[in-house]
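Numbering (my numbering), first residue to last: 463 to 674.
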């Protein structure tokens with residue numbers, strides 16, 4: 463009885479190695495594409511979140527700075543203004559913990575109503591990679607003004623730059639603009655060295671301003 467010969471043959475070791483190499487190259491490429499897309503998504507998500515946080519924080523800070531005013535006492539005979547309670551700012555770029563600005567918010571005192579009137583002391587500081595705002599009662603009676611003990615305006619702070627300029631270039635002694643620029647950096651700087659957010663604003667202030 464004649465036997466049938468098997469015409470098929472298996473894969474050689476060389477063919478298996480070539481196929482495995484091609485598959486490895488393909489999967490490596492897919493992984494790199496995936497990692498790049500994931501990395502880009504993480505960077506974009508972080509940037510959008512930090513832009514929103516920085517803008518909201520700077521809007522709040524600008525509004526509080528623009529409330530800067532002197533302590534004022536109003537009586538029938540006179541109006542007394544304590545212009546020694548001025549704004550102080552740290553001009554230039556700050557990259558470490560420091561107080562950046564101090565100012566007062568005055569609600570006029572009236573001698574005919576002793577229970578009214580208040581003066582609040584505000585400050586903003588670079589602290590532990592955060593921009594922190596504090597407002598406390600300096601004198602008088604608080605009738606509902608919100609106070610803050612280290613309110614965090616934004617995180618991942620790398621630097622803050624403050625600069626003072628006249629609001630009107632023809633009146634250098636009048637209203638001032640306090641320009642504020644913040645730079646936020648990704649917390650994983652080794653992996654995302656170029657990922658940053660820069661936002662800016664300017665507060666219009668009517669009180670005297672001097673260097674801190």
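C-beta atoms are modelled at their ideal positions from N, C-alpha and C, and glycine is treated no differently.
Check your understanding: What span of residues does the beta strand (DSSP E) with residue 600 cover, start to end?
Key -> Taken as a continuous stretch (DSSP letters only), the beta strand (DSSP E) holding residue 600 covers 592-602.
Check your understanding: Could you give the distance in angstroms between the alpha-carbon of residue 536 and the alpha-carbon of residue 568?
Key -> Distance from the CA atom of residue 536 to the CA atom of residue 568, rounded to whole angstroms, is 12 Å.
Point to revise | Collapsed DSSP secondary structure at residue 540 in the structure displayed | key: Here residue 540 carries a coil assignment [DSSP, helix/strand/coil].
Point to revise | Exposure label - residue 483; buried when at least 16 CB within 10 Å | key: Its Cβ having fewer than 16 others within 10 Å, residue 483 is exposed.
Practice item. Note the first and the last residue of the continuous beta strand (DSSP E) segment covering residue 647. Key: 638-647 is the span of the beta strand (DSSP E), which, as asked, contains residue 647.
**Study point:** Span separating the alpha-carbon of residue 592 from that of residue 655
**Key:** Near 19 Å, if we compare the C-alpha coordinates of residue 655 and residue 592.
Review point. Which value, in whole angstroms, describes the spacing of the CA atoms of residue 618 and residue 522?
Key: Spanning the two alpha carbons is a distance of roughly 18 Å.
Check your understanding: Is the number of C-beta pairs between the stretch 618-638 and the stretch 597-609 that are closer than 8 Å three or more?
Key -> Contact fails: fewer than three Cβ-Cβ distances are below 8 Å.
Practice item. Note down the Cα distance separating residue 518 from residue 601, rounded to an integer number of angstroms. Key: Using only the alpha carbons, I get a separation of about 29 Å.
Check your understanding: Counting only runs that start and end within the stretch 504-550, where is the beta strand (DSSP E) found for 3 or more residues in a row?
Key -> With a minimum length of 3 residues, the continuous beta strand (DSSP E) runs that stay inside the stretch 504-550 are 533-536, 541-544.
Check your understanding: For residue 579, is the classification buried or exposed, using 16 other Cβ atoms within 10 angstroms of its Cβ as the cut-off for buried?
Key -> Classification for residue 579: buried.
Point to revise | Start-to-end residues for the beta strand (DSSP E) that takes in residue 566 | key: Under the DSSP assignment, residue 566 falls in the beta strand (DSSP E) whose first and last residues are 560-569.
Review point. Any idea what DSSP makes of residue 491, helix, strand or coil?
Key: Of the three classes helix, strand and coil, the one that applies to residue 491 here is helix, per DSSP.
Exercise for review: With residue 616 as the anchor, note down where its beta strand (DSSP E) starts and where it stops.
Suggested key: Note, residue 616: beta strand (DSSP E), 610-616.
Review point. From residue 563 to residue 487, what distance separates their C-alpha atoms?
Key: C-alpha separation (whole angstroms): 57 Å.
Check your understanding: Taking DSSP as the reference, what is the three-state secondary structure of residue 631?
Key -> Assigned with DSSP and collapsed to three states, residue 631 falls in coil, not helix or strand.
Check your understanding: Can at least three beta-carbon pairs, one atom from the stretch 548-555 and one from the stretch 509-516, be found at a separation below 8 Å?
Key -> Touching, no, given that fewer than three Cβ pairs across the two stretches are closer than 8 Å.
Exercise for review: Could you round the C-beta distance between residue 595 and residue 645 to whole angstroms and report it? I think they count as a contact, below 8 Å.
Suggested key: Contact between residue 595 and residue 645 fails: their C-beta atoms lie close to 18 Å from each other, not under 8 Å.
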